[in-house]
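Here's the structure we're looking at; comments come further down.
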Amino acid sequence: MTAQDLATVRADYPGYRIWREITPGRDRYVARSLLPGLNPHTVVTADLSELRSVLEPAGAIPDLAAFTAARANIARMYDRWLGGKDNFEADRAAADGVQQRFPEVAEVARANRAFLARAVRYVARHGISQFIDAGAGLPASPNVHEIAREEAPDARVVYVDHDPVVLSHARALLAVDANVSVVAGDIRDPARMLADPALTRMIDAGDPVCVLLVSVLHFLSAGDADAAVAAFRRWMAPGSYLVISAGTTTGTDPELLRQLQAAYAGTAPVTGRTAAEIEAWFDGFSLTRPGVVDVWAWRPGSIQRPAQSRARMLAGVGRKPSTGNGWPM
Ligand SMILES: C[S@@+](CC[C@H](N)C(=O)[O-])C[C@H]1O[C@@H](n2cnc3c(N)ncnc32)[C@H](O)[C@@H]1O
11 MTAQDLATVR
21 ADYPGYRIWR
31 EITPGRDRYV
41 ARSLLPGLNP
51 HTVVTADLSE
61 LRSVLEPAGA
71 IPDLAAFTAA
81 RANIARMYDR
91 WLGGKDNFEA
101 DRAAADGVQQ
111 RFPEVAEVAR
121 ANRAFLARAV
131 RYVARHGISQ
141 FIDAGAGLPA
151 SPNVHEIARE
161 EAPDARVVYV
171 DHDPVVLSHA
181 RALLAVDANV
191 SVVAGDIRDP
201 ARMLADPALT
211 RMIDAGDPVC
221 VLLVSVLHFL
231 SAGDADAAVA
241 AFRRWMAPGS
251 YLVISAGTTT
261 GTDPELLRQL
271 QAAYAGTAPV
281 TGRTAAEIEA
291 WFDGFSLTRP
301 GVVDVWAWRP
311 GSIQRPAQSR
321 ARMLAGVGRK
331 PSTGNGWPM
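To convert a position in the sequence shown, counted from 1, into our numbering, add 10.
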C-alpha cells in the first residue's frame, strides 16, 4: 500500500481519523470515528482493503446520507420509479405512495434518465471525453461511461455521490476499469470534491469537462444549490459543458412538492425552484438548443410529449464560452 492509497481512503471516509501505526514487528492502520453515533467507532487492521470494507456501511459522508434501510432514501426511491430492484420496503412504500396520487412521477423519472443519456451522447459527440457525474445515483444501465464510450471510446468518468449504498453498488458495478472511478463526495462542498485525489487522477482540470448535476440539485437548499453550481461553473475550463435537470415549481402541482417533502423528511430537503432560477444556473454559459425545457423535450428523438403532467422537471445543457464573453476566469 502506498501513501497515495492511504490518502484516498482518508478522503473517502472523512468521518474518520485514519492513520498508519508502525512499531517494531507491527504495521497496521487505525480508523477512529470523529463523529458521535458513527459506527464502527474504531477499526484496527493491517489491510487497507479490509479497512475500506469495514468502513463502507458507515458511509463516507455520515450526516444526511447515513445508511438506514428503515427510512426512504433518494437514490432507492428513484430506483423504484425507474423499475430497479435496489430498494427496500420503506423506499417502496414511500415511492408507491407518491406514485399512487401522482402516477406521472415514474414517467418523469424515466424521462429524466433518458435526457441524461441524450445529453451525454450530445456532449461526447462534441469532443468531450471527461465526465463528472455528481449525484450519480444507483447504477442504471446505460450508465454515463457506457453512453460516452459509444462516442468517445477513451472517455474517463468519475461518479460522485454521498450515499453509502450508491457508493458500494457503484464501486462493484461501475468501476470497471482504470478510466472509471467512484468518489465519495458532497455537492455542497465542491472544492473538496474537486480536490479528491480519485477525481484529480482522472480529470484534467485544464481541459474541457462535462459536469452532470442531473436530478440532484432539488435535494439541496436553494443557497447550497446556487453556490455549488456557481463553484462548478467557475472551476470548469472554457469549452466545458454543464448538464442540469431539476424539479421545478413552475407548472408542478404544489401538493406533489408537499408529498415529496414528506417522503424525504429527515433525509434531505426538497426545494422547488422556478424555471427562471433553473435557467440562472447557466449564467455566462451558452445554452444549447432548445434551451431549458421539460426533460422529455430536450432533443427528444422519438419520445412523445406526455398527455398532461402535474410534475415537471426542467433540463438544459450549457457550454462555457471558449474565450471572452466577459466570463470571469
Ligand atoms: C434522484 S438520484 C439521480 C441519479 C442520476 N443523477 C439520474 O439523474 O439518473 C439523486 C442522487 O443524488 C445523490 N445526492 C443527493 N444529495 C447529494 C449531495 N449533497 N451530494 C452528493 N450526492 C447527492 C443521491 O444520493 C442520489 O443518488
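Glycine included, every Cβ here is placed at the ideal spot set by N, Cα and C.
Cα separation between residue i and residue j?
i	j	result
Val175	Pro218	30 Å
Leu61	Asp214	29 Å
Asp22	Lys95	26 Å
Ile142	Val192	10 Å
Gly233	Pro200	14 Å
Thr298	Asp196	27 Å
Arg159	Ala182	19 Å
Leu148	Ala240	26 Å
Val154	Asp293	25 Å
Ile157	Pro34	51 Å
Thr18	Thr210	11 Å
Trp29	Val40	5 Å
Val302	Thr55	51 Å
Met87	Thr262	19 Å
Ile138	Ala129	12 Å
Thr281	Gly311	30 Å
Ser171	Ala194	The question names Ser, but residue 171 in the sequence shown is Asp. Those two C-alpha atoms are separated by around 6 Å.
Pro264	Ala208	40 Å
Ser231	Leu324	17 Å
Leu74	Leu58	Annotation note: pLDDT 39 at Leu74 (below 50); position unreliable, no value reported.
Ala70	Leu16	Low confidence applies here, because Ala70 scores a pLDDT of 47, under 50, leaving its location unreliable; read the following figure in that light. Cα to Cα, Ala70 sits roughly 14 Å from Leu16.
Ala272	Thr333	45 Å
Ala116	Trp91	5 Å
Arg36	Asp304	60 Å
Glu66	Pro163	31 Å
Tyr341	Gly93	Outside the shown range of the chain, which is 11 to 339, sits residue 341, and nothing can be said about it.
Ala144	Val224	8 Å
Gln318	Val118	11 Å
So, with DSSP's three-state summary, where would you put residue i?
i	result
Thr333	coil
Ala286	helix
Leu222	strand
Phe141	strand
Leu92	coil
Ser231	coil
Arg36	strand
Met87	helix
Gly326	strand
Leu74	Per-residue confidence for Leu74 stands at a pLDDT of 39, beneath the threshold of 50, marking its modelled position as unreliable; no derived number is given.
Val186	coil
Asp171	strand
Asp263	coil
Ile254	strand
Val53	strand
Tyr26	strand
Ser191	strand
Identify which residue in the options has its Cα closest to the Cα of residue i.
i	options	result
Ala146	Pro300, His179, Glu265 and Ser319	His179
Gly257	Glu289, Gly249, Pro300 and Ala104	Glu289
Ala150	Trp291, Arg120 and Val133	Arg120
Arg362	Asp173, Ser255, Trp306 and Arg90	One cannot answer for residue 362 here, as it falls past the ends of the chain, which runs 11 to 339.
Tyr26	Trp308, Arg42 and Arg38	Arg42
His51	Ala188, Pro331, Leu16 and Val64	Val64
Met203	Tyr169, Arg102 and Pro300	Tyr169
Leu184	Trp91, Ala272, Ala237 and Pro152	Pro152
Ala82	Trp91, Ala238 and Glu99	Glu99
Leu4	Val108, Arg309 and Thr277	Past the edges of the chain, shown from 11 to 339, lies residue 4, and the structure says nothing about it.
Gln269	Ala80, Ala13, Ala104 and Ala79	Ala104
Lys330	Arg244, Ala79, Leu177 and Asp206	Arg244
Ala307	Arg123, Ala188 and Leu177	Arg123
If you measure between the beta carbons of residue i and residue j, is that distance less than 7 Å?
i	j	result
Leu222	Val253	yes
Gly216	Ala165	no
Ile84	Phe229	yes
Val133	Cys220	yes
Glu31	Arg38	yes
Ala237	Leu227	no
Asp106	Asn97	no
How close, in whole Å, do the beta carbons of residue i and residue j come, if the pair is a contact with beta carbons under 8 Å?
i	j	result
Phe112	Arg320	6 Å
Arg131	Glu161	6 Å
Gly328	Phe295	3 Å
Arg322	Thr260	7 Å
Using a beta-carbon distance below 7 Å, is residue i in contact with chain B?
i	result
Ala290	Although the question refers to chain B, the structure presented lacks it and comprises just one protein chain.
CB of residue i to nearest heavy atom of ligand 3: below 6 Å?
i	result
Gly35	With respect to ligand 3, the structure offers nothing, as its ligand set consists of ligand 1.
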